[in-house]
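Engineer: Structure provided below as structure tokens; questions to follow.
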Amino acid sequence: MKITDFRVEKYQQIMDRPLGDSNGPSGDDLINSSILWINTDEGISGQAPMGNDYVENLFQLIEGKDPREIFTHWKNMIDFVFKAGDEGEAHGALSAIDIALWDLKSKIYGEPLWKTLGSDDPKCKIYASDIGYNLSDQELFDFFDGMAEKGVDSGKVKIGISTEDDVRRIGVVHEALSKASKRPKIMVDSNEYWSVKYAIQTISKIEEKFDIFWAEEPVRRWDYKGLRLVSENIKAAVSTGENLNNVGDFYSLISNQAADILNVSTYQSGVTGLKQISNIAYAFELPVTTMNCIGNYNAQIASAIPNHVMMEVVDPGREQAYSKWNDNIEDGFLHLDDTPGLGLIVDENKLKKLQSAKINRKAKAPWGRRKGAGLYIKGFAKGEVKWK
Ligand SMILES: [Mg+2]
């Protein structure tokens, strides 16, 4: 079997609700999306729910090659981007190709990815995540209440700009999840908004009222000394890693005991990269959690990671180009089925419709950093959030 060609389709979609965090608290319901296809001479294709123009530069490394030799393809791509780095567009393309190759490999075997990766357990514990700094207290409650109805007993809430509001909103999430458990697990995510001292002060204040399971990205992603200081001065575990690119980027965090939990995904150099980071974490007895993604396909990989704790589920309605995706949540677990590959099936008609829709504005994502981040500046700007 040989790889013959590829295609990338880009589109925009208006989600069911806006997403927002401390760097973009007003949120946005418009996102840019794309799908990569890698085709073979035997008519089987692999897909990834991402991809960009840089795929063309990397495709020469896999064209005419056997798609099953994924590790070699991954290593060749990593070596190709050596000087400029596994960063930005190149990084996105590399991750997308690796994901599509794993999807393809599973489809060649006619089995779901969790099985190809060696798991016998087609389910994954999940936690609910609002990514909804823009949501009113009632909307926040309704989201977590809906997840608690499905047995989800853990939730992560976006915080960072106003401690008073943040404590109240954590209470809202706690109350909603109490339907699923007497002691729901609460996580907070401030998306690198704080300085080290501010992080310690703020989380300590929150911990006067609530037990926090983990505090995510309390300070900058590369500040291993700062992350360790935060960890040593709060009760909650410190989780970080989602904005690092590959296993090498985790070296300073792990070797300096700067993080208690690593937050990882296939965006860290594909399925191959995610497995590498999880393996090194396993050696250090560090738990990993997986990030949210279109179609929840990270669950396929998570089910084959022994030190995996739970996966983030947001479900804001990003699967409009698909006729099938991984959405069976029961008893707090995402249950995977036997669909070959990532568990996603693209609907070409839906995709065409999305591509021809006229949306006369640009998506704000990827969000930039909010003015005031890293400084001791509190409070929202006028009109920034429209809570009632
Ligand atoms: Mg996060």
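Take 36 as the starting number for the sequence shown in my numbering and just add one per residue.
A virtual CB, placed ideally from N, CA and C, is assigned to each residue, including glycine.
Could you work out which residue in V231, V192, D382 is closest to E266 when comparing CA atoms only?
Structural biologist: Checking the sequence shown, residue 266 turns out to be Ser, not Glu. That would be V231, whose Cα lies nearest to the Cα of S266.
Engineer: To the nearest angstrom, how far is it from the Cα of F176 to the Cα of A211?
Structural biologist: C-alpha separation (whole angstroms): 6 angstroms.
Engineer: Can you give the beta carbon distance from L65 to I49, rounded, assuming they're within the 8 angstroms contact cut?
Structural biologist: Correct: roughly 6 angstroms between the Cβ atoms.
Engineer: Is the number of C-beta pairs between the segment 53 to 63 and the segment 75 to 85 that are closer than 8 angstroms three or more?
Structural biologist: Judged by Cβ distances under 8 angstroms, the segment 53 to 63 makes no contact with the segment 75 to 85, as fewer than three pairs qualify.
Engineer: By alpha-carbon positions, which one of A294, I238, G403, S68 ends up nearest to I205?
Structural biologist: Ranking A294, I238, G403, S68 by Cα distance to I205 puts I238 first.
Engineer: Taking 8 angstroms as the cut-off, does the segment 274 to 292 touch the segment 115 to 128 (at least 3 CB pairs, one atom from each stretch)?
Structural biologist: Taking 8 angstroms as the limit for Cβ pairs, the verdict is that the segment 274 to 292 does touch the segment 115 to 128.
Engineer: Could you name the residues that DSSP lists as bridge partners for V231?
Structural biologist: Answer by DSSP bridge pairing: none, since V231 is not bridged.
Engineer: Which same chain residues, not among the five before or five after I269, have their C-beta less than 7 angstroms away from its C-beta?
Structural biologist: Answer for I269: I235, I238, S239, E242, A250, listed in chain order.
Engineer: Should N363 and V348 be called a contact, given that it needs their Cβ atoms to be closer than 8 angstroms?
Structural biologist: No, Cβ-Cβ distance for N363 and V348 is not below 8 angstroms.
Engineer: Quick one: grab the DSSP three-state call for R405.
Structural biologist: Of the three classes helix, strand and coil, the one that applies to R405 here is coil, per DSSP.
Engineer: Between which two residues does the beta strand (DSSP E) containing I296 stretch?
Structural biologist: Note, I296: beta strand (DSSP E), 296 to 299.
Engineer: Checking 8 angstroms against the spacing of the C-beta atoms, do I134 and A83 come in under that value?
Structural biologist: Contact: yes.
Engineer: Starting from A272, trace the alpha helix (DSSP H) in both directions and tell me its first and last residue.
Structural biologist: A272 -> not in any alpha helix (DSSP H); beta strand (DSSP E) instead, spanning 272 to 275.
Engineer: Taking only the alpha-carbon atoms, compute the straight-line gap between F285 and E227 and give it to the nearest angstrom.
Structural biologist: Near 17 angstroms, if we compare the C-alpha coordinates of E227 and F285.
Engineer: Using C-beta distances below 6 angstroms, list every residue in its chain close to K214, excluding the 5 sequence neighbours before and after it, in chain order.
Structural biologist: Only A183 meet the Cβ criterion.
Engineer: Buried or exposed for E91, please, with buried defined as at least 16 other CB atoms from any protein chain shown within 10 angstroms of its CB.
Structural biologist: Exposed.
Engineer: Confirm the yes/no value for this check: CB of N314, any heavy atom of ligand 1, distance under 7 angstroms.
Structural biologist: For ligand 1, not one heavy atom lies less than 7 angstroms from the Cβ of N314.
Engineer: In the DSSP assignment, what are the bridge partners of M222?
Structural biologist: According to DSSP, which records beta bridges pairwise, M222 is partnered with K191, W249.
Engineer: Using 7 angstroms as the cut-off, classify the Cβ of E77 as near or not near the heavy atoms of ligand 1, replying yes or no.
Structural biologist: No, since every heavy atom of ligand 1 falls outside the 7 angstroms radius drawn around the Cβ of E77.
Engineer: Going by the beta-carbon positions, is the gap between F179 and G186 smaller than 8 angstroms?
Structural biologist: Contact: no.
Engineer: Closest to T325 by CA distance: which of G376, K217, V420, A163 is it?
Structural biologist: Selected option, being the one with the closest Cα: A163.
Engineer: Going by alpha carbons, who is nearest to A398 out of Y357, Y46, F41, G261?
Structural biologist: Residue Y46 is the option with its Cα nearest to A398.
Engineer: When you measure from the CB of E227 to every non-hydrogen atom of ligand 1, does any distance come out below 7 angstroms?
Structural biologist: Not under cutoff, so the answer is no.
Engineer: So for N87, helix, strand or coil by DSSP?
Structural biologist: N87 falls in the coil class under three-state DSSP.
Engineer: Could you work out which residue in I296, I194, K385 is closest to Y233 when comparing CA atoms only?
Structural biologist: The candidate whose alpha carbon is nearest that of Y233 is I194.
Engineer: Alpha carbon to alpha carbon, how far is L369 from Q355? Give it in angstroms, no decimals.
Structural biologist: Straight-line Cα distance between these residues: approximately 20 angstroms.
Engineer: What do you reckon, is the C-beta of D224 under 7 angstroms from a heavy atom of ligand 1?
Structural biologist: Result yes, Cβ under 7 angstroms from ligand 1.
Engineer: Using a Cβ-Cβ cut-off of 6 angstroms (strictly less than) and excluding sequence neighbours within five positions of D172, which residues of its own chain qualify?
Structural biologist: Hits under 6 angstroms: V207.
Engineer: Using DSSP with H/G/I as helix, E/B as strand and the rest coil, what is A339?
Structural biologist: Coil.
Engineer: Given K100, which residues of its chain have a CB within under 6 angstroms of its CB, disregarding the five upstream and five downstream residues?
Structural biologist: Closer than 6 angstroms at Cβ, skipping near neighbours: I38.
Engineer: Starting from Y43, follow its DSSP beta bridges and name the residues at the other end.
Structural biologist: Looking at the sequence itself, residue 43 is Val, so the reference to Tyr does not match. Note: V43 sits in a beta bridge opposite L71.
Engineer: Specify the secondary structure class of I412 as computed by DSSP and reduced to three states.
Structural biologist: In this structure, I412 counts as coil in the three-state DSSP scheme.
Engineer: Kindly indicate which three-state DSSP category A356 falls into: helix, strand or coil?
Structural biologist: Coil, per DSSP.
Engineer: Can you give the beta carbon distance from S338 to D156, rounded, assuming they're within the 8 angstroms contact cut?
Structural biologist: So it is a contact: roughly 5 angstroms between Cβ atoms.
Engineer: How about E251: is its Cβ closer than 7 angstroms to a heavy atom in ligand 1?
Structural biologist: Flag set: Cβ of E251 near ligand 1.
Engineer: Roughly how many angstroms lie between the CA atoms of V299 and G276, to the nearest whole one?
Structural biologist: Cα to Cα, the separation comes out at about 6 angstroms.
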